[in-house]
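A short worksheet on the structure shown next.
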Amino acid sequence: MNNREDWWEYTKRIIRSYPALARKAESVGDMPCTPAYGASGGHSSGGSPVERAVVDRLTDKEQRRYDAVRAAISGTERMKHGHQRMELIDRVYWKRSHTLYGAAMCVPVSERTAHTWNAEFIRLVEKYLDLP
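Residue 113 in the working numbering sits at position 112 of the sequence shown; the count goes up by one each step and never skips.
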C-alpha cells in the first residue's frame, strides 16, 4: 500500500469493524465447553459447544485486526486526554452518531485537535497492523 489514501481508508474500515470483531471475540469466551449429555448421545443439531467455539472464533486476519485496534485503544487511553480521545473515536467510528466536527463539539475540543487525535489514532492502528 504505497499511497496514503489506500492505507488510510483501509485502516479506517478496520477501526469501524472493531465492535463486530469484539462481539465475535467475546462470544467465543462465553460459550460453555462442557459436554451436554442427553437422549441424543450428547450431540445436538448445532454441534458441541467446543465445535461451535472453534467454528465461531476469529480468523487469523480478524484476530490481527482486533489486536491492532485493542493495542491502539490501550495506547490512546494512556495518553494525555485519553478518555476524551476515546470518546471522540467512539462517537465517530463505533456509534457513528457524529461527524468528526460534531464529536469535537461534544468532547469538547477544537476541530483542529479532533483532527489531530483522529489522525494519531489511525496511525497508531496502522502501526500495530504493520502494513507493508
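Glycine residues also receive a C-beta, built at the ideal position from the N, C-alpha and C atoms.
Can you tell me the Cα-Cα spacing of S98 and E88, whole angstroms? The count along the sequence shown starts at 1 and reaches residue 98 at position 97. The count along the sequence shown starts at 1 and reaches residue 88 at position 87. Taking the straight line joining both Cα atoms gives about 12 angstroms.
Could you name the residues of the same chain whose beta carbon sits closer than 7 angstroms to that of A73, not counting the 5 residues immediately before and after it, in chain order? Looking up residue 73 in the sequence shown gives position 72. For A73, where only same-chain residues beyond five positions count, the Cβ hits under 7 angstroms are F122, L125, V126, Y129.
How would you call G66, buried or exposed, if buried means at least 16 neighbouring beta carbons within 10 angstroms? For this step, residue 66 is matched to residue 65 along the sequence shown. Reading the sequence as shown, one finds Arg at residue 66 and not Gly. Buried, since its Cβ has 16 or more Cβ neighbours within 10 Å.
Can you give me the Cβ contacts of S111 inside the same chain, cut-off strictly under 8 angstroms, excluding the 5 residues immediately before and after it? Residue mapping note: residue 111 aligns to position 110 of the sequence shown, counting from 1. The answer, listed in chain order, is A105.
Specify the secondary structure class of A54 as computed by DSSP and reduced to three states. Here residue 54 refers to the residue found at position 53 when the sequence shown is read from its first residue. Confidence in A54 is poor, its pLDDT being 48 and thus under 50, which makes the residue's placement unreliable; the coordinate value appears in the next sentence. Looking at A54 - three-state DSSP - the assignment turns out to be helix.
Use the C-beta contact count for R92: other C-beta atoms within 10 angstroms, 16 or more gives buried, fewer gives exposed. Locating residue 92 in the sequence shown gives position 91, where the first residue counts as 1. With 16 or more other Cβ atoms within 10 Å, it is buried.
Entirely enclosed alpha helix (DSSP H) segments - the stretch 63-117, minimum 4 residues: 83-90, 101-107
Quick one: Cα of T117 to Cα of E63, how far? Looking up residue 117 in the sequence shown gives position 116. Looking up residue 63 in the sequence shown gives position 62. If you take the alpha carbons of T117 and E63, they lie about 27 angstroms apart.
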